[in-house]
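Chemist:
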Amino acid sequence: MVTGDPLPRFPDGFLWGVSTSAHQIEGAVGARQRSVWDVFTDEPGKVKDGSTAAVACDHYHRYREDVALLSGLGVDAYRFSVSWPRVDSPGGLDFYDRLVDELCAAGVRPVPTLFHWDLPARLDWLDRDTAHRFAAYVSAVAARLGDRVTKWITLNEPAEHTLLGHALGAHAPGRRLLFDALPVAHHQLLAHGLAVQALRAAGAADIGIANSHGPTWPASAAPEDTAPAEFYDVLLNRLFADPLLLGRYPDGMAELMPGDVDADLQVIAEPLDWYGVNYYAPTRVGAPQQTESEFGGVPIPAELPFSLREIEGHPVTDFGWPVVPEGLTELLTAFRDRYGDRLPPVVITENGCSYEGVDDHDRIAYLDGHIRALHRAIEAGVDVRGYFVWSLLDNFEWAEGYARRFGLVHVDHATQRRTPKASYGWFRDALRAQR
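Written out as structure tokens, the structure reads:
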């Protein structure tokens, strides 16, 4: 519930923004190479409403209208992603040239993410060479945009891309490899490190990554629940943070990774200027179940050494995700305690919720609660430098298709008409009060 009180004052220079991703909004599929998501969505039954991102929000053609919405919102920065398959196509970087110019003219800082799940269909994260190909692509993007772009994000959510796309098969490329998917995690982390090196070589001095994190809550205090919860926390949190921040994998994980892991870790742990956190909710974890189950629409095989449980006692979004703002404070203070001076300044690179309707007061309450929780983390001594709402537009929500609406702006996908929601006006007014 929104208290009606103004939001607390954030530090001077705090960066306020919104986020999107290329595959989810751009459309114009004929003007780029195919990605693993194009292949995935072509297969019947993979997307719940049978849709594809061939048109999405048609941002490729309507980017000026969308930048005007950003300007009206009053954000400092716009986190978008660059489509590797588009850059691989003739003239593909021209679009991002135009977009960055439009953002700069509007006084909105461009913050590109260089990989947000849309791998070119010809490539495979099981192949180590993909990490080196990624670095070459990053160099090309930096050479073209680096005169205007100063803040960069290498990868978005390698944990989800590994787990949902390669271990459980719920996302592209649709593999069910279970723990044989671990090389995908390692190669993405190596790609990140190589990308940092490429960006540094191009003169970049403000580089981060967007990792998804959340507190892991055991289903009970019994060992049969606490041990699986600890293992899950390693897989979804520490497996992707420890190598970046500490230069090592959690105990027992390095020997499961391919190649010369010690040498790779020196690249993976290239120093970051800031660390991006995507936060949505905690996860309750318990002992494994005897049969395959489903959680949040994702199949959970019985072979896994844990099971996911519902979190009761909290409201839920239209996606069924629990609304737990205090989990953000818990997460950030725990990271501060775990990593100490190895944790660089933090930016919340995604936080948002799915609700229907233009009069979306539930979204306002969600954002209000999470921004206050973020401020409490700052008061507790966590160095947080920015906050990005997911998302500017209602978009193609991966395997959910168009059934979930995360936007501050409603999009009629039949007409492409944009309608700012009540939450857009609330966030605009909240930002004005911070100036």
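All the letters of the sequence shown, read from the start, carry residue numbers 3 to 437 under our numbering. Ideal Cβ placement from N, Cα and C applies to all residues, glycine included.
Give me the residue from G254, L345 and Q190 with the minimum Cα distance to F233.
Modeler: The shortest C-alpha separation from F233 is found at G254.
Chemist: I need the straight-line Cα distance from I302 to R311, nearest angstrom please.
Modeler: One C-alpha to the other measures close to 11 Å.
Chemist: Run through DSSP, which three-state label would F390 get?
Modeler: Looking at F390 - three-state DSSP - the assignment turns out to be strand.
Chemist: Note the first and the last residue of the continuous alpha helix (DSSP H) segment covering T152.
Modeler: No alpha helix (DSSP H) holds T152; DSSP gives it neither H nor E.
Chemist: Tell me, please, which residues DSSP counts as bridged to F42.
Modeler: Answer is none; F42 lacks a bridge partner.
Chemist: Between the Cα of S214 and those of E296, A161, L241 and A405, spot the shortest distance and give me the residue it belongs to.
Modeler: The shortest Cα separation from S214 among E296, A161, L241 and A405 belongs to A161.
Chemist: Would you give the residue range spanned by the beta strand (DSSP E) that Y80 belongs to?
Modeler: A79 to S83 is the extent of the beta strand (DSSP E) around Y80.
Chemist: Looking at F398 and S21, is the spacing between their C-beta atoms short of 9 Å?
Modeler: No, these two residues do not count as a Cβ contact at 9 Å.
Chemist: For the candidate residues R177, A30, L71 and A243, whose alpha-carbon lies nearest to that of T421?
Modeler: Of the candidates R177, A30, L71 and A243, the one whose C-alpha sits nearest the C-alpha of T421 is L71.
Chemist: For N353, which of helix, strand or coil comes out of DSSP?
Modeler: Correct three-state label for N353: coil.
Chemist: On a Cα-Cα basis, can you pick out the residue from G354, Q291, A336 and V411 that is closest to F321?
Modeler: Taking only the C-alpha atoms, the option nearest F321 is G354.
Chemist: Going by DSSP, which residues form a beta bridge with W219?
Modeler: Paired residue(s): R286.
Chemist: Taking 8 Å as the cut-off, does the CB of R430 come closer than this to any heavy atom belonging to the ligand COA?
Modeler: Annotation note on the ligand COA: not contained in the displayed structure, which lists no ligands.
Chemist: Do I211 and L201 come within 9 Å of each other at the CB atom, strictly closer than that value?
Modeler: Not in contact: L201 and I211 (Cβ atoms no closer than 9 Å).
Chemist: With which residues is P112 paired in a DSSP beta bridge?
Modeler: In the DSSP output, where bridge partners are listed per residue, P112 has Y80.
Chemist: For A30, which three-state DSSP category applies?
Modeler: A30: coil per DSSP, three-state reduction.
Chemist: Can the beta-carbon of Y277 be found less than 9 Å from the beta-carbon of V325?
Modeler: No.
Chemist: Between the Cα of P230 and the Cα atoms of A289, A204 and D44, which residue gives the shortest distance?
Modeler: Taking only the C-alpha atoms, the option nearest P230 is A289.
Chemist: Give the DSSP-derived three-state secondary structure of L345 in the structure shown.
Modeler: Three-state DSSP puts L345 in coil, outside helix and strand.
Chemist: For the candidate residues R146, Q292, S356 and V84, whose alpha-carbon lies nearest to that of P317?
Modeler: It is S356 whose Cα lies nearest to the Cα of P317.
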